[in-house]
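J.: One structure, pasted below without further comment.
There are 2 protein chains.
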Amino acid sequence: MKRLFILSITLLFLCSANSLYAKKKRVDLIIRGGTIVTMDANWRIIKNGSVAIRKNKIVAVGTARSIARKYFSNRRIYARNKVVIPGLINTHTHIPMTIFRGIADDLDLNEWLTKYIFPAEARNVNERMVRIGTRLGLGELIRGGTTTYTDMYYFEDAVADETSKAGVRGVLGETLIDFPAPDNKTFDDGLKYAEKFIKKWKGNSLVIPAVAPHAPYTVSQDRLIAARALSDKYEVPLLAHLAEAPSEVEFIRKNKNMRPIEYVAKIGFLSKRLVAAHVVYANDKEIEMLKRIGVGVSHNPQSNMKLAAGVAPIPQMLKANLRLGLGTDGAASNNDLNLWEEMDTAAKLHKAFSKDPKVVSAKEAFQMATIGGARALHLEDKIGSIEAGKLADIVIVNFDSLHQTPFYNVYSQLVYTTKASDVHTTIINGKIVMRNRRLLTLNERLIKKQANVLARKVVKSLRTKN
Amino acid sequence: MKRLFILSITLLFLCSANSLYAKKKRVDLIIRGGTIVTMDANWRIIKNGSVAIRKNKIVAVGTARSIARKYFSNRRIYARNKVVIPGLINTHTHIPMTIFRGIADDLDLNEWLTKYIFPAEARNVNERMVRIGTRLGLGELIRGGTTTYTDMYYFEDAVADETSKAGVRGVLGETLIDFPAPDNKTFDDGLKYAEKFIKKWKGNSLVIPAVAPHAPYTVSQDRLIAARALSDKYEVPLLAHLAEAPSEVEFIRKNKNMRPIEYVAKIGFLSKRLVAAHVVYANDKEIEMLKRIGVGVSHNPQSNMKLAAGVAPIPQMLKANLRLGLGTDGAASNNDLNLWEEMDTAAKLHKAFSKDPKVVSAKEAFQMATIGGARALHLEDKIGSIEAGKLADIVIVNFDSLHQTPFYNVYSQLVYTTKASDVHTTIINGKIVMRNRRLLTLNERLIKKQANVLARKVVKSLRTKN
């Protein structure tokens, strides 16, 4: 009798457990037990939270208990004592130039360009260099928890190919410029290349093709408009440098008798697809106009400082709620692709410059590097926060290193003390591309070897006279 | 016959090898095969170099071959593909405050101090907190390759004890202030404590005791002079904050109708033993005076930025060849003890602020963090460069991480791309305190645990009303 009772109880339990189990939905990956900094509209932070991922999307976010009730997966990452954040978004770089990292520093912009960068580019930029430089940069991005980056360079099809192979998300545009480029000798050839490039990559799960006219001082009026038209035709982002340096302001004043933003507005270049890099020289009226049109802005504090370009009016842009993200610029100027340092610098630079320790808080700096960057790229419905329905671009950060101890406030800790080396795991489009600091889609040792060989050639090329 | 010939040749060889060996001098440690950035007066860089160390001193520096000819040691560190630099020197911090790292940010100085820092200090600073905070900070310093640091706080005898136990070099001074301090309720008690402290530690191989009157706006005129007299009496450094923030400038203008530096000069506080922290508000005449007297200056770029204190005239100070070093300030304000980021920031900040990309070169920034810091502390005959006769404070840095690839210029790479996490080995006073990123004199796990427990108490203490 007693045995029968125990048997029936056991059966009952198994049945209910089974029915409970059957009700649970299977997902491909669960991140479990970390502090989740969602960056959603409510700034929700979930302690002991979980994220359920199916294919390349986030299915659910919540407390570890609530997710465990509804979802199961054979693949789990335990994030206890770690912080789970949206992947960082780099809104401006020239990734193949990572090969030129540290080639020349502390020079006048003109000397830097004409004595080092232009000759180095003229003598070394080809598809092979672009591929090696891109892989080098991609490795650094992944190791620093950047999951989406924005690029404008040459041989961009090779950049896209490498980016897609490494499993990184990229908004990538072939640079269009009035001078002969390493791959396209005329602007029109460049434009044709860009159209072909867009057709090839449009719809790709990782690469978002873009059009990238270099800047209003290096691309003539008609050509700026032609580039914008191409962006409109295919509904792809338009990338350009804008209002970066005093020399540009002076050039456009001299030639057009206008301010840079005033000029591009007047000729109809400003568009809701534009991602404008730098935007150092913008007054309140211009900020208002950029906001109204929906232009995205990429703030590159370290590059602007190092090249003495100026200090962008970021407190004003934040106040105007502009689509505002952070970029590293190329490693040739800055000299890395580290968004953690850009966040830290952004928060500090504007306090110093505006003499107000309250501007650009840690929260705002972290916002710029995540959902702000997504808004700048016009991708805020897809990336930039950890929310159900968004793409699974997620980074898990160690929070227990000595330099992060003790821990009072999560945004402060992320912006002021966390380093790129604290990134533990990087997930892009649902796929783990780095785990426990080991790159899974790139051969780090080979990349370093190839980059070093190439760098020796670059040095040699700069020694020759022509 | 043939055998005899071979035997005699062998004997001859062994004898000569033995006599060669006998001629070699035994040392305690040889660092072999790295690129040595000596920071000596000739800026000598030795590729494939070696450093021979006996007891706590550098005996010889040269090419690996030349050192191998003259010295041998049973203890060797191979530094192939690595860079060997003088240990970094932090010229201003408040190390126990590492416990308050990130407790409050992005606030007005006044609000930050009165709502957070002062209450947190009043309710938590005791000898135990000072010891735990010091160990936490020391761990971070060693992990970042800082071998000498400068401190002013309370319970400084406990700071000195922990510093000496951890094997770190410190210029340490008990803070003297007009208000009741956690350990000494009156200024006179503080002064007595300071004298006792100096007597106890003077002559120690690691701890250099100092006198540390807080600042000209928190210590009255007579007391500043009394502090200076104590420094002169025992020939020890005099540490103080000076000309840091607009509020100080305003306070001294109001009360003394002078500029801060003008005031301390007039009352006879400036001395050749003074290490003045911040010195943001200094005009050309004042810089010239500091130079003439031999005052050391500690530049704290990140702290000055984050607290919106202002931007120090560093290009002018470099031009005047002032005794100029770098400091991190306390981790409560900045929020780490990372001199690599201070170097990087110093080089970039002054380019932005002076609108000149040539000022504060990588070379100058690295100089500030090494021999410049030694000069600021009046210790340039003992530390700050890798030269025979100097104390063996040496750091070995990895130079092959992905974010450091490729490698063109050593100073650029050190300042613009190397991170604290690239430090491989830290040697202080001839003793290895970190090897392959493992702390050898501190228990990292225990430190983190104790710091986290303490931090929870700090949070609780701020919730209570009194």
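Heads up: the sequence lines are chains E and A, in that order.
The opening residue of the first sequence carries number 1 in my numbering; numbering runs sequentially from there.
The opening residue of the second sequence carries number 1001 in my numbering; numbering runs sequentially from there.
Quick reminder that beta carbons are idealized off the backbone N, C-alpha and C, glycines included.
Computed from a prediction, not measured in an experiment: that's the story for all the values here.
(1) Any idea if Ile1310/A is buried or exposed, counting beta-carbon neighbours within 10 angstroms, 16 or more meaning buried?
(2) Which of the residues in the segment 103-115 of chain E, read from start to end, lie with their CB under 7 Å from any CB of chain A?
(3) Step through the CB atoms of chain E and report whether any lies within less than 8 Å of the CB of Asn1090/A.
(4) List the residues of chain A whose Cβ lies closer than 8 Å to the Cβ of Val459/E, in chain order.
(5) Can you tell me the Cα-Cα spacing of Ile40/E and Arg65/E, whole angstroms?
(6) Since I believe Gly1139/A is in contact with Leu1442/A (beta carbons under 8 Å), could you give me their beta-carbon distance rounded to a whole number of angstroms?
(7) Tell me the DSSP secondary structure of His350/E in three-state form.
(8) When you compare the CB of Asn1304/A with every CB in chain E, is at least one pair closer than 8 Å?
(9) For Val415/E, count neighbouring C-beta atoms within 10 Å of its own C-beta (all shown protein chains included) and say buried if the count is 16 or more, exposed if not.
(10) Examine chain A for any beta-carbon lying closer than 8 Å to the beta-carbon of Tyr153/E, and answer yes or no.
(11) What does the alpha-carbon distance come out to for the pair Ala392/E and Pro237/E?
(12) According to DSSP, is Tyr1408/A part of a helix, a strand, or is it coil?
(13) If I measure Cβ to Cβ from Arg44/E and keep anything under 6 Å in the same chain, skipping five residues before and after, which residues do I get?
(14) Alpha carbon to alpha carbon, how far is Lys1419/A from Ile1396/A? Give it in angstroms, no decimals.
(15) Would Gln1164/A and Val1207/A qualify as a contact pair, given that the criterion is a beta-carbon distance under 8 Å?
(16) Sort Gly294/E, Ala212/E and Ala331/E by Cα distance to Leu307/E and report the nearest one.
(17) Quick one, which residues of the segment 404-435 of chain E are near chain A if we go by CB-CB under 8 Å, in chain order?
(18) Using DSSP's beta-bridge definition, name the partner residues of Arg1323/A.
(19) Check the Cβ of Leu1349/A against every Cβ in chain E and list those closer than 8 Å, keeping chain order.
(20) CB Ala374/E to CB Ile386/E, shorter than 8 Å?
(21) From the beta carbon of Val1168/A, is the nearest beta carbon of chain E less than 8 Å away?
(22) Tell me whether the segment 1199-1213 of chain A and the segment 1245-1255 of chain A touch, counting them as touching only if at least three CB pairs, one residue from each stretch, are closer than 8 Å.
(23) Based on the DSSP output, what are the partners of Lys1025/A in its beta bridges?
(24) Going along the chain, which unbroken runs of the alpha helix (DSSP H) with 4 or more residues stay wholly within the segment 427-463 of chain E?
(25) Closest Cβ-Cβ distance between Cys1015/A and chain E: below 8 Å?
(26) Using a Cβ-Cβ cutoff of less than 7 Å, which residues in the same chain neighbour Leu1322/A once the five nearest sequence positions on both sides are dropped?
(27) Please tell me whether Asn48/E has its Cβ less than 8 Å away from any Cβ of chain A.
(28) What do you get for Arg101/E, buried or exposed, if any count of 16 or more other CB atoms within 10 angstroms of its CB means buried?
(29) What are the partner residues of Thr63/E, as DSSP defines its beta bridges?
(30) Please list, in chain order, the chain D residues whose beta carbon lies closer than 8 Å to that of Asp1400/A.
(31) Is the CB-CB distance between Leu337/E and Gly145/E below 8 Å?
(32) Please classify Pro180/E as buried or exposed, where buried requires at least 16 other C-beta atoms within 10 Å of its C-beta.
(33) So, under 8 Å CB-CB, Ala1194/A and Glu1174/A are touching, yes? Tell me the CB distance rounded to an integer number of Å.
(34) Just to make sure I have the definition right: I need the residues of chain A whose C-beta is within less than 8 Å of the C-beta of Ile67/E. Which are they?
(35) Should Ser1220/A go down as buried or exposed, given a rule of 16 or more other Cβ atoms within 10 Å for buried?
(36) Start and end of the beta strand (DSSP E) containing Lys1082/A?
T.: In short:
(1) Position 310 of the second sequence holds residue 1310/A. Looking at the sequence itself, residue 1310/A is Gly, so the reference to Ile does not match. Buried: at least 16 other Cβ atoms inside 10 Å.
(2) Listed by position, the residues of the segment 103-115 of chain E near chain A (Cβ gap below 7 Å) are Ile103, Asp105, Asp106, Leu107, Asp108 and Leu109.
(3) Along the second sequence, read from residue 1 onward, the residue named residue 1090/A stands at position 90. For Asn1090/A, the answer is no, since every Cβ of chain E falls outside 8 Å of its Cβ.
(4) Mapped onto the first sequence, residue 459/E falls at position 459. In chain order: Tyr1408.
(5) Here residue 40/E is taken as the residue at index 40 of the first sequence, counted from 1. Here residue 65/E is taken as the residue at index 65 of the first sequence, counted from 1. Here residue 40/E is Asp; the residue named in the question, Ile, does not match the sequence. So the alpha carbons of these two residues sit roughly 20 Å apart.
(6) Taking the second sequence and counting its residues from 1, one reaches residue 1442/A at position 442. Taking the second sequence and counting its residues from 1, one reaches residue 1139/A at position 139. Contact flag correct, Cβ pair sits at about 5 Å.
(7) As a working note, residue 350/E is residue 350 in the first sequence. Helix, per DSSP.
(8) Counting from one through the second sequence, the residue named residue 1304/A turns up at place 304. So, interface residue.
(9) Residue mapping note: residue 415/E aligns to position 415 of the first sequence, counting from 1. Classification of Val415/E: buried, given that the 10 Å Cβ count is 16 or more.
(10) Numbered from its first residue, the first sequence carries residue 153/E at position 153. So, not an interface residue.
(11) Here residue 392/E corresponds to residue number 392 of the first sequence, with the count starting at 1. Here residue 237/E corresponds to residue number 237 of the first sequence, with the count starting at 1. So the alpha carbons of these two residues sit roughly 21 Å apart.
(12) Along the second sequence, one-based indexing puts residue 1408/A at 408. It is coil, neither helix nor strand.
(13) By 1-based counting over the first sequence, the position of residue 44/E is 44. Hits under 6 Å: Thr38.
(14) Translated into positions along the second sequence, residue 1396/A becomes position 396. Translated into positions along the second sequence, residue 1419/A becomes position 419. Distance between the alpha carbons of Ile1396/A and Lys1419/A is about 13 Å.
(15) Here residue 1164/A corresponds to residue number 164 of the second sequence, with the count starting at 1. Here residue 1207/A corresponds to residue number 207 of the second sequence, with the count starting at 1. With the sequence shown as reference, residue 1164/A is identified as Ser, and Gln is not the correct amino acid for it. Contact flag set, yes.
(16) Along the first sequence, read from residue 1 onward, the residue named residue 307/E stands at position 307. Ranking Gly294/E, Ala212/E and Ala331/E by Cα distance to Leu307/E puts Ala331/E first.
(17) If the cut-off is 8 Å between Cβ atoms, the segment 404-435 of chain E has Thr405, Pro406, Phe407, Tyr408, Asn409, Ser412, Gln413, Tyr416, Thr417, Lys419, Ala420 and Ser421 near chain A.
(18) Residue 1323/A sits at position 323 when you count from the first residue of the second sequence. Bridge partners of Arg1323/A: Gly1296/A.
(19) The sequence position of residue 1349/A within the second sequence is 349, counting from 1. Met305, Leu349 and Ala352, listed in chain order.
(20) Here residue 374/E refers to the residue found at position 374 of the first sequence. Here residue 386/E refers to the residue found at position 386 of the first sequence. For Ala374/E and Ile386/E, no; Cβs fall outside 8 Å.
(21) As a position in the second sequence, residue 1168/A is number 168, starting the count at 1. So, not an interface residue.
(22) Too few Cβ pairs lie closer than 8 Å, so no.
(23) Walking along the second sequence from the start, residue 1025/A turns up at place 25. Tyr1071/A.
(24) 444-463
(25) Position 15 of the second sequence, counting from 1, holds the residue named residue 1015/A. Caution is warranted here: a pLDDT of 49 is assigned to Cys1015/A, below 50, making its placement in the model unreliable, and the coordinate value is therefore given only provisionally. Closer than 8 Å: no.
(26) To locate residue 1322/A, count along the second sequence from 1; it is residue 322. So the qualifying residues of the chain are Ile1287, Leu1290, Lys1291 and Val1297.
(27) Against the first sequence, residue 48/E aligns to sequence position 48. So no, Asn48/E is outside the interface.
(28) Taking the first residue of the first sequence as 1, we reach residue 101/E at position 101. Label assigned to Arg101/E: buried.
(29) In the first sequence, counting from the first residue as 1, residue 63/E sits at position 63. In the DSSP output, where bridge partners are listed per residue, Thr63/E has Gly49/E.
(30) Going by chain labels, chain D is absent from the structure shown, which instead holds the protein chains E and A.
(31) Locating residue 337/E in the first sequence gives position 337, counting from the first residue. Locating residue 145/E in the first sequence gives position 145, counting from the first residue. Going by C-beta atoms, Leu337/E is not nearer than 8 Å to Gly145/E.
(32) Along the first sequence, read from residue 1 onward, the residue named residue 180/E stands at position 180. Pro180/E is exposed by the Cβ-count criterion.
(33) One-based indexing of the second sequence puts residue 1194/A at position 194. One-based indexing of the second sequence puts residue 1174/A at position 174. Confirmed, about 5 Å.
(34) Within the first sequence, numbered from 1, the residue matching residue 67/E stands at position 67. By Cβ distance, chain A contributes nothing, its closest Cβ being about 27 Å from Ile67/E, past 8 Å.
(35) Counting from 1 along the second sequence, the entry for residue 1220/A is found at position 220. Under this definition Ser1220/A is an exposed residue.
(36) Translated into positions along the second sequence, residue 1082/A becomes position 82. Its beta strand (DSSP E) spans residues Lys1082 to Pro1086.
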